[in-house]
Each structure stands twice: as C-alpha cells, then as structure tokens.
Amino acid sequence: MSEPRRSGRQRKVNPRYANDGWDKDTLRILRAESESSGPSPAEGSTSSDSEDGNTHNHVNAQDDDVSLASVASIQSSDVETPDQGQDDEDINLVSDDDVTSRKRPSYRSRPYAAAAGEPTRSRGVQPPSQLGKRSAYANIFGPEISDLVDVLLARDTWLMGRDITIPSRQTLSTAIEQLNDLDQCSSERNDGSGAEREDAHVVRSLIDTVRNHQVHQAIGLKDVYEKYLLHDMPVHSAVLGAWGTQTKFELDYLSALDLGKAWLDHEKPRDTETSQTREVPAQKRYHQGWLLNVGEKVQCLAWAVGAHSVQYLAVAVKCTSYQRRMAPGNECEPSAFHPSPSYPTCIQIWAFHTSPTSVQGIGTLAIDDEPRLAVVLGTEWGNIRQLKWCQFEPNADNHHKNIVSRTIGLLAVVSSDGHARVIAVPRPDNSDAGVPTTLRVERAGFDIPPPVDTVFTTLAFAGPTNLMLGTADGFLHFFDLTVPTSQGDHPKCYMKQQLHHTYIVALCPALPGPQPTFLASISASGDLALTDLRSPEQDRVHVARPSFPTKDLVYSPFTRSFIAVLDRGGNTQIERNAATFLVCHHIRQFPNLLRIAKLSHDTGAATALAGSRWHPCILVGNAKGQVLATNYLRKVLPYRKSDPKKAVGAYMQKLCEYDWRPLTPQERRHKEGSPLVPEAKEEELPDIYHGHDTRPGISRFHEGFKPEKIAVAYVLPKVQKSKLRKADTGGAGPGEAVFEEEQAVTALEWNPNAAYAGIVAIGWGSGIVRVQDLAYDVQSRCQSP
C-alpha cells in the first residue's frame, strides 16, 4: 500500500489575536480614535545593562550594511582589518570557552510617546547581540579607521603566548617603537611640532612659577626623625627565598634589601659566571628587585616622569598617633568629610638607578647600585591621601641630553586638611651621598583651599596644566595652573560641575588618547559615572553598582576602556556569589561591563589596581596581600568562536603572596636593636577615625606561581548533604575572609616611562615597599605564540 501524499509546504500555527472577539463596529471606533505616535520600536530591544561574564554575547550571523570593508574602501590605511570571510562564523566577545552559554529572556520595553517639542538624544550604541558579525569591531571601538588603529595594533602585538600575564621585553620594545611611529606620523600630518614646543614653553614657565612661589627651609636630620619620620626607627624582619629553604633577613628603617640574595643558592650559575664571592651577576638573576622599609602603612606611590637613568618614586605613609598629638586642637569630626588638624608628616622621594638591557630601548633596575632615600619633604598638612606627578618631563624640550633640570617634576598633593597643593620637587645635588636632602615645606607653590563645608578628596591631571579635583559633596572643580586668581597664590577655577551626590573617591580622564574630554568617576556609594566635559549636564551616564567603593580606576588606551573593580562582598545585599571581579567598560558601551577576571572568595576585597599606557597588563592587589597580573586584551577582544586559531585563552598569574603576623611579646623583648614598645591596654578606646599604628611584625613572601586559566562564571560549590544538615542548625550564611590591616596591598603603580614600563612599585599596610622589574627576556624556544 502506497504512503499517502502529503504537502511539502511548511506548516504554521494560525495566529490568534487578542481582539478576535470584537465586532467590526468596535474595531472601527478604536481605529478612528487612535493617533499615530511614530514608528514602532525595533524588535528584540533588550536592556543595556548586560553582564557577559557568565554568558557568551554571540553576534548574529546576519550581515550588516555597515562593515569595516566599506570604511576601509573610503579611507586609505595600512591597518589590517579583521577577516570578513567565512560568513558562517560567529564572533564572541569573551575568551572564556569553559563558560556555559545561557540565553536570557528578552523583554520588549513599552513605548512611550515623547513630549511635544522635546529633542531626542541617543546614548551609546546597540548591544553587540543585536548586530551583525562584520560590525563587531566597528560597533565596539568606533567606525573610523582612526578608531581601529590602536585596538588592531594591540591585537597583533599583545596576543602572543609570551605576554599572557606580564610583558616581555621584546614585545614591549616593539610596541613602544610602533607607538612612537604613530605619534610621529600624526604630528607630521597635523603639523603638531609647533604645538609641542608651545606646550613645553608653557610647562617650563609653570615650573618656574611654582618654584618661585614655594618656600623650602633646610632642616637637620635629627629634627626630621623627631617630627616628620619615625623617631623609633623600627626594624622589620622578612622571610624570603624558595619554598622550603627560605631565609630570614633583617631590614632596617629606610633601607633597601636585594631580593636576589635569597635566591643565590637556587640560581645554579656556571663557574665562569660567578665571582670569588659566589654571587650571580645582576644581568643573570631571575629576581631583580628591592624591598624597602618605610615603617608605616603606605598611603600612595607615584613614579616621576623622566627618561633619565635615575628613576624617582614618591612615597607617602600614614601619620602615627605620636605625630597627631603634636598638632594643636582636637579632632572631633571624621576627616573624610571635614578638615583634619595640620599634624606633621612627610613625602619620601626614593632614587633607583637603572641599567640598559640587551633589548633596544628597554632598561631595568641596577642591582649593583642600592636605592637610597634622596629627598625628604616635611609637611604639616595631615595625612597625605594622594600623590600625582604632572605628566610632562621638565626638560623634555632640551636638545642637549646632558642637561638635567633642577626639578624632578611638579607633584600635586591632596591631604586630609582638605587642601590641594602643587609643589616643585627639587633634584638632589648630592646624588652619590648617603644623606638625603631634608626640607620643610613652609609654603607650597600653589595652595588651593577647599570650598566651604567640604574638602578635596581626589585629583587627576587632564593635561600638563589642567588639574581636576573632586570633593566630598560630589562636585568636580577644574583649575588651569597657568591662570592665577586676583590674589595670585593659587590657580583659578574655571569649571564646577556636580558629578555625584556624595563623596568622590576616584577620577580618571581618558588620557592618553583622542578623547580627553571623557571623565570616569566613582563615588562612595559605589556608583560609576562617565561624563563628557563638553556638555556635562546632558552627556553623562551613571552605572549603579551594588559594591564597595574602590579608590583606583584605570584607563586603557588600547581599547579606549575604563577598568575598575566590582567588589560585591559585604554590600548588604543578598548575592549568589560574593566574589570580586575586574570589569571593563568601553567608552562606546559604558553601561555594559565585561568581566576580565574573578578573584578567589577567600582573598578578601580588592584594595589596589594599576594599569599602564605602554602595555595591557593589569595588576590587582587584595586584602590577603596577593598581587595578581593578567593581560586583559585576551578577555575583551572579539574573536570568531568557530575558528580555534583566533580563540585565545585568558590567564591570571599570582606574582607574589604576602603573609604578615605581629611579633609575640617574647620576640619583641628579644629583638635586637628594636625599642621596647608597650603593649596596648584593652581598656584603652581605639581611635575610630585613624585606627592603630602599624605594629611590629614579621613578613614572608611566597612566589613562583604558574598562570591559571580565568573563569568568571558563577560556580556554586558542591556541598554534601551531611554538611548541609549541620549548617542548617546554626550560622548566618556564608562568611567573609578577614585579614590583618598590615597584610593588605595598599598601593600599586607601574612606571609611566616607556624605557622602564616593566618596573612596578607595590606597597603594603605593614610599611614594606617592593620595587621589581616584571618585564623579562624571552628565550628563543619561547618566542612562538
């Protein structure tokens, strides 16, 4: 029996409408009374607040009308555009293949008619999930060739296997050479040589103005230790070396310790490379770095701008209770929102000698020359909250390389007394002497008083002569350092704008790059905002984040993105996962965030963050004392998932792990050269505004960790039923890791100079500063990606 014939036409379900039961007269009345309110919204519109750390944002397979090929055909360029072939491939926006893809239901927003006469403004661009694959790069980074030059150049340079977490010297040299060529081409095209000479002249005159306004007084070394430094000169013990064979070293106050001394027995040098003392030459050491003992909690670190063989690092530490008692008056209000008394403190300027490497244009730390404390600036401004160097070299316009400026640079300072100041830091004359130059700052070059009923909280340079200051009431103040007020003692404020409704924690302009008018800011409530300073009232985007506020915000010029920390631990909201994430916000898609990495649950909050303009390697420190590194480009760049050759994995590497514990009473009693400090009494009330001073302790460093694959998805831990029953009987839910204050990483800073871009400074709450060159030489067998 033959099979029955059936139609090959595809069957469809008959549509059913909500008004099927209405008669024709009712429908006619409804049509007559309805008014047209314009075209209907685009289908499939979704919320812009997307987080693609746990879902893959696949780009649709349909082609767009606008593509990179059309842009390239209009503008001539040598930049290699992404491959547009293989139309059956998809583009993925994250590089984590082990995350399960999960579709979220899309909710169509209800259209509302706009008010008559009200102009319509568009914010941002469409989400990547609604666009064709050919427009992925153009949609994320910009449609013009000038928008794609930086990201495509970074993609071709920094996605090799040797740069998965920290930069190699070979890649760093290539990247610096490429950036210099691009800058030279752009300056020739725009004839910017005259503008550069004008900027150099303006900065030189500004330095002379600040130097003439400020008043310094030389003081004796004994007076410096009595008032501005720690008069008890504490000695710190550090345990270093390979696992199982570590050695204890004693680190004197304001002295340096070579990290390589703890690894001499494990380098296994050849006989021809060792001297009579059996020491490994500096250029052959694996660990090239220094440990500094500054005695108190490190508040902030800042590298000076300059391509000299001597690099200068500014260090500010927390005031001690002894120094706070020296200031007149009582502190009865919290200094976060009110000015504090003018108790004494200091700014330390450390000098590090460098030496050239085998890679052209790249230098490293000179292990043969021990770093020293070059300048001590005694101040009476309260706690130093932030330090920033003006991003312009004082002698950049000098044609003679042998000419060295008398000034290291312009240093901007925000302190707890509410003021913002700018000083010209003098270069020490006795560069080879062991005694530092000690000065007391009687009057700063520029002293900017805070507005009424508030204090300055943070600062950032928007150029060589423009200074931005945030306040505790959420306002932004713009100052032109070249335009003085009628009194002439401080620069003139030419712009004031409210960015937040509360305390501004961090400011970060989109510099360097072609979009310097964009400014990102973080408030104490955790909110993140992006403001276009050309029209700050209209062009502003707020991203509400249920997280703790973080003081660090990094701009990366490679993808024109802002990198921040999303710390959801302890935010008073019920979270499925209280992990800390590193997130990336592109300027063109600022409300959307891309998760770069996830920190472990048991490491505490993220306390420090650092990025560089010369390489895409991001450093993050946490409350446990760990310092981790990752190349964020391997996580945020689009790639075709079906092409395994273009899928790169993202990794995170633990550079070092720091442990700290306080000394026992017996150790404090028998410690040689350390004064007897009485134990704190339990009945004494703690200082709720400042906490306790740094306690004497011992530190231990662990290093030698391998890179690990990054996974940012939510993974619920598997708990056995027996343990679950025991947990139900008591407890208030998952706990949070808590560590000693001295163990946390409090400051991170990459060197801003191109030749020394691999050098980083790390500060802990115990008063230990680690300066190390993370850039490394690649062997011939490791040069393939």
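So the sequence shown is numbered by the UniProt record's numbering: it starts at 1 and just counts up by one.
Heads up, the beta-carbon is just placed ideally off N, CA and C, and yes, glycines get one too.
These numbers come from a predicted model, not from an experiment.
query, result
"With DSSP as the reference, label W660 as helix, strand or coil.", "strand"
"At the level of alpha carbons, what is the spacing between P344 and F352?", "26 Å"
"What number of angstroms, rounded off, separates the C-alpha of I384 from the C-alpha of L593?", "33 Å"
"Rounded to the nearest angstrom, how far is the Cβ of Q743 from that of W660, given a contact under 8 Å?", "4 Å"
"Could you check how far apart the C-beta atoms of T438 and I219 are, in whole angstroms? I think they sit under 8 Å.", "5 Å"
"Given that a residue counts as buried once 16 or more other Cβ atoms are within 10 Å of its Cβ, and exposed if not, what is Y658?", "buried"
"Going by Cα to Cα distance, which pick from D527, D532 and L533 is closest to V565?", "D527"
"Identify the continuous beta strand (DSSP E) that holds W158 and give its terminal residues.", "Taken as a continuous stretch (DSSP letters only), W158 belongs to no beta strand (DSSP E), being part of the alpha helix (DSSP H) at I145 to W158."
"With DSSP as the reference, label P551 as helix, strand or coil.", "For clarity, residue 551 is Lys in the given sequence; the question names Pro instead. Of the three classes helix, strand and coil, the one that applies to K551 here is coil, per DSSP."
"Just tell me which of A606, H690 and R668 has its CA closest to the CA of S335.", "H690"
"So what does DSSP say about V769, is it helix, strand or coil?", "strand"
"Tell me the start and end of each unbroken beta strand (DSSP E) in the region 476-543 that is at least 3 residues and wholly inside, in chain order.", "491-498, 504-509, 518-523, 528-532 and 540-543"
"Could you give the DSSP three-state label for A316: helix, strand or coil?", "strand"
"For the beta strand (DSSP E) holding I759, just list the boundary residues, first then last.", "I759 to W764"
"Where does the unbroken alpha helix (DSSP H) through T325 begin, and where does it stop?", "Residue identity check: residue 325 is Arg in the sequence provided, not Thr. From DSSP, the alpha helix (DSSP H) with R325 extends over S321 to R325."
"With distances taken Cα to Cα, identify the nearest neighbour of Y632 among E331, K624, S612 and A623.", "S612"
"In this structure, what does DSSP give as the bridge partners for G311?", "Here residue 311 turns out to be Gln, not Gly, going by the sequence shown. Per DSSP, F352."
"Taking C-alpha atoms, which residue in D258, A412, A460 and T458 lies nearest to D368?", "D258"
"Quick check on P105: buried or exposed, where buried means 16 or more other Cβ atoms within 10 Å of its Cβ?", "Note on P105: pLDDT 43, under 50, position unreliable in the model; the coordinate value appears next. That one is exposed."
"Alpha carbons only, please: which of Q299, Q214, G142 and Q184 is nearest the one belonging to T746?", "Q299"
"Could you check what DSSP says for V215 in three-state terms: helix, strand or coil?", "strand"
"Taking the alpha-carbon positions, what's the V413 to T245 distance?", "43 Å"
"Report yes or no: do three or more beta-carbon pairs, one from the region 460-468 and one from the region 503-512, lie closer than 8 Å?", "yes"
"With three or more beta-carbon pairs closer than 8 Å as the criterion, would you say the region 522-540 touches the region 487-506?", "yes"
"My understanding is that residue 825 touches E393, with C-beta atoms under 8 Å, so please give their C-beta distance in whole angstroms.", "Not covered by the structure: residue 825. The range shown for the chain is 1 to 785."
"Sort out for me which residues DSSP pairs I698 with in a bridge.", "S237 and R661"
"Would you please state the rounded distance, in angstroms, between the beta carbons of R443 and V215? I believe it to be under 8 Å.", "4 Å"
"Hey, how far is the Cα of V317 from the Cα of I164?", "33 Å"
"Who are the Cβ neighbours of N622 in its own chain at under 7 Å, not counting the five residues just before and after it?", "L599, T603, G604, A605, A606, T607 and V745"
"On the CB-based measure, 16 or more other CB atoms within 10 Å of its CB, does H477 come out buried or exposed?", "buried"
"Could you check whether A327 and G382 sit closer than 9 Å to each other, using their CB atoms as the reference points?", "yes"
"R770 and V757 - do their beta-carbons sit closer together than 9 Å?", "Correcting the residue type first, residue 757 is Ala in the shown sequence and not Val. No; because the gap between Cβ atoms is not below 9 Å, this pair is not in contact."
"Within the continuous alpha helix (DSSP H) that includes R5, where are the two ends?", "No alpha helix (DSSP H) holds R5; DSSP gives it neither H nor E."
"C584 and S561 - do their beta-carbons sit closer together than 9 Å?", "yes"
"Provide the residue span of the alpha helix (DSSP H) that contains V712, from first to last.", "Segment: none, V712 is in no alpha helix (DSSP H) and carries neither H nor E."
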